[in-house]
Amino acid sequence: MKKRIMLMMIAVLLISAAPMMTSEADAASGATPDQIAEYALKFKGVPYQWGGTTPSGFDCSGYIRYVYGNFGISLPRTSAEQFNVGTAVSKSNLKKGDLVFFANTYKPGISHTGIYIGNGNVISAESQGISISNINTNPYWAPKYAGAKRLSSVKEAVTTVSKPAPAPAPAPAPKPDLPKGQYYDVSKSFWAYAPITELSMKNIITGYDHSEFKPNNSVTRAEAATMIAKSLGIAPVAGTSFNDVSSKHWAAGYINAVYKKGIIDGRGNGNYAPDAKITRAEISALLTKAYAMKASNTSVSFTDISGHWAESSIIKVASSNLAKGYDDGSFKPNANATRAEFAQFIYNSINQ
31 MKKRIMLMMI
41 AVLLISAAPM
51 MTSEADAASG
61 ATPDQIAEYA
71 LKFKGVPYQW
81 GGTTPSGFDC
91 SGYIRYVYGN
101 FGISLPRTSA
111 EQFNVGTAVS
121 KSNLKKGDLV
131 FFANTYKPGI
141 SHTGIYIGNG
151 NVISAESQGI
161 SISNINTNPY
171 WAPKYAGAKR
181 LSSVKEAVTT
191 VSKPAPAPAP
201 APAPKPDLPK
211 GQYYDVSKSF
221 WAYAPITELS
231 MKNIITGYDH
241 SEFKPNNSVT
251 RAEAATMIAK
261 SLGIAPVAGT
271 SFNDVSSKHW
281 AAGYINAVYK
291 KGIIDGRGNG
301 NYAPDAKITR
311 AEISALLTKA
321 YAMKASNTSV
331 SFTDISGHWA
341 ESSIIKVASS
351 NLAKGYDDGS
361 FKPNANATRA
371 EFAQFIYNSI
381 NQ
């Protein structure tokens, strides 16, 4: 008697400790339709095996039980029994993860089941193995379609609704235009304030929209020709003198004018390169020709201009204190000048 009681207690303990597979009716599965479909597709190509319930070989209902069992959902063994589970759903309302049933295949009545994976496609254990067939177009399966069931344990995918992005802050109202010669980016303490202001008042140089001068931008060859022409009072000339400066270019008239005066040259092959940045060497040659400079201090020298095509012009502008070199003794003839520096060059040339 004691032995019998002991065996019963052990049996109860074993049953209590054993993992339990929940039924479809009370399962608390976290599986979503997409997860079911994605997992089912992992077994595509696994061979068909009558009575098979593992990835080494499946029959139709064994495959279904294995896929849903992965998510803690227990289903009956046969397709006919599985047809009695879940809630019926119309063919037009199918969604991923639904069970789809077929009748009159190898026997009368419900005899095959698969998993709906979207777009009319069902994956199931067919004779050639785990395969995908379309329930609308497949000549064998389409006429044998018998219905579908939706399992309550398959949850709708959770859609995260993002908070709408905050409306962008309204653009600040544009600053009012300043009086002529004044710029928001050229304060009275700026080192080139005097030349920029005076040349602007004389219409020799101009700024940009919203009263900006952009003093640290590089000067283009078109801008340089225009400033020189205006500083000398040379009227624009219609037409074109270079291949790359059409008559409609904004600076064409001034480029033509200073070219005809022999003040500027092109960059070869009949081109002027109007949008290229002007170099310090080109500026020296430009100022020398424009203002007929002569060297007033022949002792001026730089370490990097010997043999340079603009050497004599550099000596002239430097001896006239219109341009300076650098602390290391160089002039850097191929470096570019800023708009502020060029304004200072013209200002000094006019007032030398």
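Residues in the sequence shown are numbered from 31 upward in steps of one, following the working numbering. The C-beta atom is built at its ideal place from N, Cα and C for all residues, glycine as well.
| query | result |
| --- | --- |
| Using CA atoms only, rank isn't needed, just tell me which of A203, P304, W221 is closest to H240. | A203 |
| Taking I17 and L129 to be in contact with their CB atoms under 8 Å, please state how far apart those CB atoms are, rounded to whole angstroms. | No answer is possible for residue 17: it lies beyond the span of the chain, which begins at 31 and ends at 382. |
| Please identify the residue among K125, K74, T108 whose C-alpha is closest to the C-alpha of D64. | K125 |
| Apart from the five residues on each side of it in sequence, which residues of its chain come closer than 8 Å, Cβ to Cβ, to K210? | S230, M231 |
| For G150, which of E156, A172, A282 has the nearest alpha-carbon? | A172 |
| Can you list, in chain order, the residues of its chain with a C-beta nearer than 7 Å to that of Y17? Leave out the 5 residues immediately preceding and following it. | Residue coverage of the chain in this structure runs from 31 to 382, which leaves residue 17 outside it and unanswerable. |
| Check whether the stretch 287-302 touches the stretch 345-359, taking contact to mean three or more Cβ pairs, one atom from each stretch, closer than 8 Å. | no |
| Grouping DSSP H, G and I as helix and E and B as strand, with all else coil, what is Y136? | coil |
| Considering only their Cβ atoms, is the gap separating A370 from A222 smaller than 7 Å? | yes |
| Between the Cα of I335 and those of K307, A365, T83, spot the shortest distance and give me the residue it belongs to. | A365 |
| For a quick check, are the C-beta atoms of I147 and K74 less than 7 Å apart? | no |
| Mind pulling the alpha helix (DSSP H) runs of 4 or more residues that sit fully within the stretch 341-374? | 341-349 |
| According to DSSP, simplified to helix, strand and coil, what is T117? | strand |
| Going by the beta-carbon positions, is the gap between I153 and G144 smaller than 7 Å? | yes |
| Within the continuous alpha helix (DSSP H) that includes N286, where are the two ends? | 282-290 |
| Count the other CB atoms, across all protein chains shown, that sit within 10 Å of the CB of K260; report buried if there are 16 or more and exposed otherwise. | buried |
| Over the uninterrupted beta strand (DSSP E) stretch that includes G177, give me the two end residues. | 175-180 |
| With H, G and I counted as helix, E and B as strand and the rest as coil, what does DSSP make of S122? | helix |
| Under the assumption that Y96 contacts T83 (Cβ atoms under 8 Å), give the Cβ distance between them as a whole number of angstroms. | 6 Å |
| Within the same chain, show all residues whose beta-carbon is closer than 8 Å to that of K179, passing over the 5 residues directly before and after it, in chain order. | Q112, F113, V115, G116, T117, A118, V119, D128, L129, F131 |
| Going by beta carbon distance, what residues of the same chain come within less than 6 Å of V275, once the five residues before and after it are set aside? | A282, I285, Y302, P304 |
| Mapping DSSP to helix, strand and coil, what is P245? | coil |
| Using a Cβ-Cβ cut-off of 6 Å (strictly less than) and excluding sequence neighbours within five positions of K319, which residues of its own chain qualify? | I293 |
| May I ask you to report which of helix, strand or coil DSSP gives S329? | coil |
| Expressed to the nearest angstrom, what Euclidean distance is found between the alpha-carbon atoms of Y213 and K193? | 43 Å |
| For F243, tell me which candidate among L181, D207, F332, F101 has the shortest Cα-Cα distance. | D207 |
| Leaving out five residues on either side along the sequence, give the residues of the same chain with a beta carbon under 6 Å from the beta carbon of A254. | I308 |
| Cutting at 7 Å between CB atoms, please list the residues of its own chain near I380, excluding the five before and the five after it. | S261 |
| Give me the Cα-Cα distance between G92 and R107, rounded to the nearest whole angstrom. | 7 Å |
| Using three-state DSSP, classify L129 as helix, strand or coil. | strand |
| Label P245 either buried or exposed according to how many other C-beta atoms from any shown protein chain fall within 10 Å of its C-beta, with 16 as the threshold for buried. | buried |
| F272 bridges to which residues according to DSSP? | V275 |
| Kindly indicate the opening and closing residues of the alpha helix (DSSP H) around S21. | Since the first residue of the chain shown is 31 and the last is 382, residue 21 is not available in this structure. |
| Do you know offhand how far A197's Cα is from S183's? | 40 Å |
| Under 7 Å between the Cβ atoms of A315 and S343? | yes |
| With distances taken from CA atoms, which of A67, D89, L71, I66 is nearest P77? | D89 |
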